[in-house]
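Reminder that position 147 of the sequence shown reads as 147 in the UniProt record's numbering, one-by-one numbering, no gaps.
A virtual CB, placed ideally from N, CA and C, is assigned to each residue, including glycine.
If you're wondering where the values come from, they're calculated on a predicted model, not measured in any experiment.
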Amino acid sequence: MAFFANHFFQHNNERIDEETMQGFSIFNYPGRAHGQPKIKWLTDQELHVAHTYILRNCQEVKPFYEMFVTHLQDYDAKVIDSMVQNPYNQVTDPLLISLAWGPHPKVTTWSGYLINGYNFHTLEHGEKKATMNSGVCMQGSSCDETTTDFYGLLEDIIQIQFEVIGRGTIGVVLFKCKWFDPDPVRGMKIHPLWKKYSN
């Protein structure tokens with residue numbers, strides 16, 4: 001179906017104002033939300049999952065993450081606490097500090113989002129439409145460096161805000177999806193720490 005759509009339907013190549021790009025790589029995906037915005041509050045679990053996803057997918061945070069994992073393997077928790085509190089190890093980048101503090105639980109949601117020439121709609125928004133723009137495919141990776149395609153349906157489009165000292169707020173848009181189980185025999189496993197799915 002995707003092959004058919006790519007060859008017979010033109011992409012919506014509407015340009016997004018590049019001045020909206022700012023900060024770290026995770027914030028540099030120009031897109032535009034559409035539909036009636038709604039305000040909602042994330043649960044603690046939803047907030048934790050979103051925050052973890054953002055930290056794990058921000059290239060600028062990767063060196064700190066690797067250092068953290070190394071220290072977890074080499075030291076106990078008391079040593080890590082003393083390292084964090086050591087003034088010589090303090091991080092001074094306000095955006096990095098904001099990422100570490102975490103996002104605000106109050107978020108804005110939309111029924112549609114235009115990015116990279118594609119127009120996505122939530123499943124609920126597209127139920128009464130002639131065309132369905134709520135299907136997603138994402139290439140994932142596993143511990144053994146193999147890749148697997150994950151397929152799902154777009155349930156919600158969420159903009160999460162971070163308060164940055166001296167710069168106001170900065171946001172990142174996330175797609176909340178319902179993923180299909182590609183292997184009904186083995187099932188999907190959920191990582192207990194990161195809440196990521198794998199086979």
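In the assembly as shown, residue 180 is an exposed residue. Its beta-carbon has fewer than 16 other beta-carbons within 10 Å. By the neighbour-count criterion, in which 16 or more other beta carbons inside 10 Å mark a residue as buried, residue 147 falls on the exposed side. Out of 120, 158, 163, 178, the CA that lies nearest to the CA of residue 37 is found in 158. In the structure shown, residue 113 adopts extended strand secondary structure according to DSSP, grouped into three states. Within a 10 Å sphere around the beta-carbon of residue 130 sit fewer than 16 other beta-carbons, which makes this residue exposed. In this structure, residue 99 lies away from residue 49, with their beta-carbon atoms at least 8 Å apart. In this structure, DSSP gives residue 126 a helical state, which the three-state scheme calls helix.
Residue 156 is bridged by DSSP to 176.
Counting other Cβ atoms within 10 Å of its Cβ, residue 122 reaches 16 or more and is therefore classed as buried. Distance from the CA atom of residue 30 to the CA atom of residue 67, rounded to whole angstroms, is 30 Å. Around the C-beta of residue 166, fewer than 16 other C-beta atoms lie within 10 Å, and the residue is accordingly described as exposed. Short of 7 Å from the beta carbon of residue 27, and not among the five residues preceding or following it, lie these beta carbons of its own chain, in chain order: 170, 172. Of the residues 120, 43, 93, the one whose Cα lies closest to the Cα of residue 64 is 93. In the DSSP annotation of this structure, residue 104 is not part of any beta strand (DSSP E), being labelled neither H nor E. Closest option to residue 105, judged by alpha-carbon separation, among 45, 35, 97: 45.
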